[in-house]
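Mapped onto my numbering, the consecutive letters of the sequence shown carry residue numbers 28 to 442. Quick notes on the structure that follows.
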Amino acid sequence: MEGINIFENILNSKKIFKNRDVLRHSYTPDYLPHRKEQIEAIASVLVSALRGETPSNILIYGMTGTGKTATVRFVGNELEKYSLRTNTRCYMHYINCEIIDTQYRVLATLAKNLGRNVPMTGWPTDRVYEEVRYAIDKREQTVIIVLDEIDKLVKKGDDVLYSLSRINSELERSRVSLIGITNDLKFKSFLDPRVISSLSEEEILFPPYNAEQLRDILMQRAELAFYDNVLDPEVIPYCSAIAAHEHGDARKALDLLRVSGEIAEREGASRVTVDHVKKAVRKIECDNVVEAVRTLPTQNKILLFSMILLHMAGRTKFTTGEVYTVYKSLCKKVGMDVLTQRRISDLISELDMLGIINSIIISKGRYGRTREIKLDVPIDSVKKVILEDYRLQLLSKSEDTLRTHISLDLFGTAF
Ligand SMILES: Nc1ncnc2c1ncn2[C@@H]1O[C@H](COP(=O)(O)OP(=O)(O)O)[C@@H](O)[C@H]1O
Ligand SMILES: [Mg+2]
Numbered sequence: 028m029e030g031i032n033i034f035e036n037i038l039n040s041k042k043i044f045k046n047r048d049v050l051r052h053s054y055t056p057d058y059l060p061h062r063k064e065q066i067e068a069i070a071s072v073l074v075s076a077l078r079g080e081t082p083s084n085i086l087i088y089g090m091t092g093t094g095k096t097a098t099v100r101f102v103g104n105e106l107e108k109y110s111l112r113t114n115t116r117c118y119m120h121y122i123n124c125e126i127i128d129t130q131y132r133v134l135a136t137l138a139k140n141l142g143r144n145v146p147m148t149g150w151p152t153d154r155v156y157e158e159v160r161y162a163i164d165k166r167e168q169t170v171i172i173v174l175d176e177i178d179k180l181v182k183k184g185d186d187v188l189y190s191l192s193r194i195n196s197e198l199e200r201s202r203v204s205l206i207g208i209t210n211d212l213k214f215k216s217f218l219d220p221r222v223i224s225s226l227s228e229e230e231i232l233f234p235p236y237n238a239e240q241l242r243d244i245l246m247q248r249a250e251l252a253f254y255d256n257v258l259d260p261e262v263i264p265y266c267s268a269i270a271a272h273e274h275g276d277a278r279k280a281l282d283l284l285r286v287s288g289e290i291a292e293r294e295g296a297s298r299v300t301v302d303h304v305k306k307a308v309r310k311i312e313c314d315n316v317v318e319a320v321r322t323l324p325t326q327n328k329i330l331l332f333s334m335i336l337l338h339m340a341g342r343t344k345f346t347t348g349e350v351y352t353v354y355k356s357l358c359k360k361v362g363m364d365v366l367t368q369r370r371i372s373d374l375i376s377e378l379d380m381l382g383i384i385n386s387i388i389i390s391k392g393r394y395g396r397t398r399e400i401k402l403d404v405p406i407d408s409v410k411k412v413i414l415e416d417y418r419l420q421l422l423s424k425s426e427d428t429l430r431t432h433i434s435l436d437l438f439g440t441a442f
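See the structure below:
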């Protein structure tokens, strides 16, 4: 269009988001629909803190995206606000054990939050614990320690939990209570029974959300995130239905809504439609696959690269034997050990389970059975991620040679 400045054009089309950050995981809303029961359950335990008593420890569990973190943070904020007003000195210390992932660092972080100067490595753990105990007991207070994703910590031992769950007997003035949050109850089997029974004095389950509940959650956030009348009316129900299908995950639902908006914005659309949501579903799936590939072991990456080469050479489906031929020559190129065909067959099953490839077993009558493999990935992105592995850089150079090698050697013989 002539006469319109390109910047004007872009700026004019950027009228989708009022505040995109509201849709991010880190945002804690000040109202949580459909979590009244859980909020009240936590509050009725923690209220002891305001009365100068020690609250029971709580173990909170439920699948990802069921609002565990948001709810605990919300109740913590309310508690601290009320405590400030009534001068009762109750504090919540929140630690995400996925990030603070060793026993030492948990204690050191606590000590730091309590105003002690502790290095993040190097001291004996007992000494850090002593700092924590001292800092808590220096003046009367109730400290609620939240260990989110507690299963990640427990895999490395339970000493810290053991000490923290007994700390009250070593305090004169203050009180400590623990809240553990997890989406993996199996972690209990790693724990000392005494720690389990102490940690789960109270247990609170967060059930998955259904589609209607997700709709309410999205509506509330959408109001803050988007300009008025930007969302087609079907968009939120559509996102909710998809996320409800995937174990009622509010995080998925919010991601879907955000990415749909981003796609609409990038296209310069004035409204977000179901079509954008469909594109968002595909984009999120692709991103997930690319992430899954990034964390694969090198051997699996070589294997996957073999399939990519076959695919690029025009093959839509191939057998384990064909993949194995290419795989062997790639291993030689990069100087890696060649695994047996049996083992490769197992790795192919793994890739299938991760949803990176599609494979079906086909019976060939008396000739036995073969596996028919199809690639089902965003080829360019996956290739790029594989080549980021420094051990596999040579593959990028050998690509053309191999392509001819494959088309000559294999195409004549297969099928
Ligand atoms: N009841 C709710 N109301 C509003 N937002 C919610 C609700 N439950 C979850 N969310 C939002 O969904 C996302 C995931 O929730 P989160 O608390 O991180 O789940 P979990 O810790 O159970 O994995 C967060 O952005 C959170 O704000
Ligand atoms: Mg969480």
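Backbone N, C-alpha and C fix where the C-beta goes; we use that ideal spot for every residue, glycine too. Just so you know, these numbers come straight off a predicted model, no measurement behind them.
For residue i, does the count of other Cβ atoms within 10 angstroms reach 16, so buried, or fall short, so exposed?
| i | result |
| --- | --- |
| Leu422 | buried |
| Asp153 | exposed |
| Asn144 | exposed |
| Arg342 | buried |
| Phe442 | Annotation note: pLDDT 34 at Phe442 (below 50); position unreliable, no value reported. |
| Leu435 | Summary for Leu435: the model assigns pLDDT 48, below 50, so the residue's position carries little reliability, and this model does not support an answer. |
| Ile384 | buried |
| Gln420 | exposed |
| Lys95 | buried |
| Ala277 | buried |
| Phe34 | exposed |
| Ser216 | exposed |
| Asp57 | exposed |
| Gly439 | Note that Gly439 scores a pLDDT of 44, beneath 50, so its modelled location is shaky; the value from the coordinates is reported in the next line. Label assigned to Gly439: exposed. |
| Leu251 | exposed |
| Ser71 | exposed |
| Glu292 | buried |
| Lys328 | buried |
Say the cut is 7 Å; is the CB of residue i nearer than that to a heavy atom of ligand 1?
| i | result |
| --- | --- |
| Leu283 | no |
| Ile400 | no |
| Ala70 | no |
| Ile244 | yes |
| His52 | yes |
| Phe44 | no |
| Phe233 | yes |
| Ala277 | yes |
| His61 | yes |
| Gly295 | no |
| Pro446 | Any property of residue 446 remains undetermined from this structure, which presents the chain solely from 28 to 442. |
| Gly92 | yes |
| Gln368 | no |
| Gly288 | no |
| Gln247 | yes |
| Gly89 | yes |
The beta strand (DSSP E) that contains residue i, what's its start and end?
| i | result |
| --- | --- |
| His121 | One point to set straight first is that residue 121 is Tyr, not His, in the sequence displayed. Start and end: Cys117 to Asn123. |
| Lys401 | Arg396 to Leu402 |
| Glu415 | From DSSP, Glu415 is part of no beta strand (DSSP E); its letter is neither H nor E. |
| Tyr88 | Ile85 to Gly89 |
| Ile231 | Glu229 to Phe233 |
| Asn315 | First-last for Asn315: Val301 to Arg321, but that is the alpha helix (DSSP H), not the beta strand (DSSP E). |
| Thr169 | Thr169 to Asp175 |
| Leu366 | Unbroken run through Leu366: none, as it is neither H nor E. |
| Ile384 | Ile384 to Ser390 |
| Gly207 | Arg202 to Thr209 |
Shorter than 7 Å, the distance from the beta carbon of residue i to the closest heavy atom of ligand 2, or not?
| i | result |
| --- | --- |
| Lys165 | no |
| Asp178 | no |
| Ile208 | yes |
| Thr96 | yes |
| Asp175 | yes |
Assuming residue i is part of the alpha helix (DSSP H), what are its boundary residues?
| i | result |
| --- | --- |
| Thr55 | Premise fails: Thr55 is in no alpha helix (DSSP H) and is neither H nor E. |
| Asn32 | First-last for Asn32: undefined, no H or E at that position. |
| Leu330 | Thr325 to Met339 |
| Phe101 | Lys95 to Thr113 |
| Glu250 | Ala238 to Ala252 |
| Gln130 | Gln130 to Asn140 |
Our contact map puts residue i next to residue j with C-beta atoms below 8 Å; I'd like the distance itself, whole angstroms only.
| i | j | result |
| --- | --- | --- |
| Leu232 | Leu205 | About 18 Å separates the two Cβ atoms, so there is no contact after all. |
| Arg398 | Ile413 | That pair is no contact at about 22 Å. |
| Val301 | Tyr265 | 5 Å |
| Ala270 | Leu283 | 6 Å |
| His274 | Pro235 | 5 Å |
| Leu141 | Val159 | 7 Å |
| Ala97 | Leu137 | Not really, about 22 Å apart at Cβ, beyond 8 Å. |
Check whether the segment 211–231 and the segment 177–189 touch, using three or more Cβ-Cβ pairs below 8 Å as the test. yes
For the pair the segment 77–91 and the segment 227–238, tell me if three or more CB-CB distances fall below 8 Å. yes
Should the segment 278–295 be called in touch with the segment 363–377, which here means at least 3 C-beta pairs below 8 Å? no
Between the segment 157–166 and the segment 189–207, are three or more C-beta pairs nearer than 8 Å? yes
Closer than 8 Å is the cut-off here; do at least three beta carbon pairs connect the segment 318–336 with the segment 349–357? yes
Counting Cβ pairs, one atom from each stretch, are 3 or more of them under 8 Å apart for the segment 310–319 and the segment 392–411? yes
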